Structure formats: C-alpha cells, structure tokens
Ligand code: SIN
Ligand code: FE2
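In this note's numbering, the protein residues as written are 824 to 1049.
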C-alpha cells in the first residue's frame, strides 16, 4: 500500500514515531487501557483478510442523520455492520450498498479482539460486529458515544493501523474535558464497564505516509452489538 513519499511528511511521521510508547498496558480510565503495540504481531495475518473483506464490502462515505458526509470512510464485517443514513444510525445484517450480508468476521480479527479484551480484564468477549474506518489525512471522528449496541456489558476493542492519530477520550458528558491519547500502528484501546459509554473521537489525521499502510489510518472497532 506504500505510495510515493513526501520527505516532509516522512520527517513528521518519524517525529511522531519517536513518541511511540514501548509495549505495555497503559490505563486511561477505571476500565480502559491502551495496549501498546499489541496488534503488531498480527498485522501480516490481518492485512490479507482485510483486503478480502473490503473487496466484498468496499469503503464508502456515509451521510449522518444531520446531513453531514462523514470524513472517515466506513465498512464492516461480522454478523452486524454499523451504518448511518439520513434516517438514523443503526446496526444492520445487510450491507446497504450491495444488499448482501456483510463479509464474515475473519478468524484472525476475532481472535485478536478477544485476546485484547481478556488482557484488559474483559473475559468471554464475543464480538459480532467489526467496524472498519479509513481516515485519510484531514479526516476525523467527532466526539460520540458508542450506544447503538443492544447491551453495554461488552467492551469496545479498537485496533489502530497506519498513520498515527490523537484519540480523544472524554467523559460521560460531551462537555467533559477529553484526554488526548496518541495512537500508533499496532496499538489497541479497550474500554468497557463503567467507561463503556464515554465520549470519544479522533482529531484530524496529520499528513504522512505510513511505511506499511501508506497515506492512511485504518481503525477496526469490535463490539457486541446484537
Ligand atoms: C470510532 O469511535 O468508531 C473510531 C475510533 C478510532 O478511529 O480510533
Ligand atoms: Fe466510537
């Protein structure tokens, strides 16, 4: 996925990677953790699976009920996929673009999410939905709560790939001050329990080209939705 490199952007990326934290578990909330570099050993297995998923259900830019086109492009795999259109946010078993079921969740993705959840204290995670977000430089995700799932007992597991991002981890009110957490290729964030409904978002991605993923950030979020 590598493309021609802009030397300025590369210098920036190295500056960011110099900030990358060593492997380990950082607590960012009572029941929230960043597992640094956790997904790195899985990347080679994940990428071909992701390519297969995206060949069947490609990235698309969705429109929110408020009429805004999201800057991140989305797809999904698993039994349920998260979608938005002018009538609302929802989980659907059918990809609205092709009227077919979403691609099944690849086993490697599911295993990674289940192991990360367990390492963060959430045993027996059974994800049925994996949302795939693609951010090109400038794309962002506004502060929101993940609350279209039927129950909130299961955590959210979020895998970052590609360009670094500043993840905003807020409180239970939109107006609560958000922590800024730098996320790098291979980092996994898990939040659940008392933190399950905390507001979160992603600041606009800085220009750059990641050596493995190219000029983009891909985020996978696993949830139990149904
Ligand atoms: C999300 O909240 O759906 C995405 C979070 C991220 O991209 O890190
Ligand atoms: Fe979210």
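Where is the CB? At the ideal position from N, CA and C, for every residue including glycine. Since the structure is predicted, the reported quantities are computational estimates derived from the model, not experimental observations.
Please name the residue, chosen from the options, that lies closest to residue i on a Cα-to-Cα basis.
i: residue 898; options: 953, 852 and 891; result: 953
i: residue 1024; options: 919, 905, 940 and 967; result: 967
i: residue 1033; options: 932, 986, 1017 and 980; result: 986
i: residue 893; options: 869, 942, 855 and 883; result: 883
i: residue 1042; options: 1017, 917, 923 and 1013; result: 1013
i: residue 973; options: 915, 855, 959 and 878; result: 915
i: residue 934; options: 980, 962 and 921; result: 980
i: residue 854; options: 911, 940 and 927; result: 940
i: residue 1022; options: 874, 852, 846 and 848; result: 852
i: residue 848; options: 1045, 961 and 1006; result: 1006
i: residue 965; options: 1001, 1037, 932 and 947; result: 1001
i: residue 920; options: 1047, 881, 944 and 874; result: 881
i: residue 977; options: 929, 907, 946 and 984; result: 946
Taking residue i as part of the alpha helix (DSSP H), name the residues at either end of that continuous run.
i: residue 1018; result: Here residue 1018 belongs to no alpha helix (DSSP H), and DSSP marks it neither H nor E.
i: residue 936; result: 930-942
By the three-class DSSP mapping on this structure, what secondary structure does residue i have?
i: residue 1010; result: coil
i: residue 959; result: coil
i: residue 949; result: coil
i: residue 884; result: coil
i: residue 871; result: helix
i: residue 877; result: helix
i: residue 1035; result: coil
i: residue 825; result: Since pLDDT at residue 825 reaches only 44, below the 50 mark, its modelled position is unreliable, and no value is offered.
i: residue 865; result: helix
i: residue 894; result: coil
i: residue 1003; result: strand
i: residue 969; result: coil
i: residue 831; result: Low confidence applies here, because residue 831 scores a pLDDT of 47, under 50, leaving its location unreliable; read the following figure in that light. Helix.
i: residue 1024; result: strand
i: residue 919; result: coil
i: residue 857; result: strand
i: residue 889; result: coil
i: residue 901; result: strand
To the nearest whole angstrom, what separates the beta carbons of residue i and residue j, a pair I think is in contact under 8 angstroms?
i: residue 1010; j: residue 876; result: Actually they are not in contact, since the Cβ atoms of residue 1010 and residue 876 sit about 21 angstroms apart, beyond 8 angstroms.
i: residue 895; j: residue 956; result: 5 angstroms
i: residue 864; j: residue 888; result: Contact flag wrong, Cβ pair sits at about 39 angstroms.
i: residue 901; j: residue 951; result: 5 angstroms
Quick check on the DSSP output: the beta strand (DSSP E) that includes residue i runs from which residue to which?
i: residue 991; result: 988-992
i: residue 1028; result: Premise fails: residue 1028 is in no beta strand (DSSP E) and is neither H nor E.
i: residue 985; result: 979-985
i: residue 998; result: Element bounds for residue 998: n/a, residue is neither H nor E.
i: residue 905; result: 904-908
i: residue 913; result: 911-915
i: residue 1042; result: 1040-1046
i: residue 850; result: 847-852
i: residue 974; result: Neither: residue 974 is in no beta strand (DSSP E) and is coded neither H nor E.
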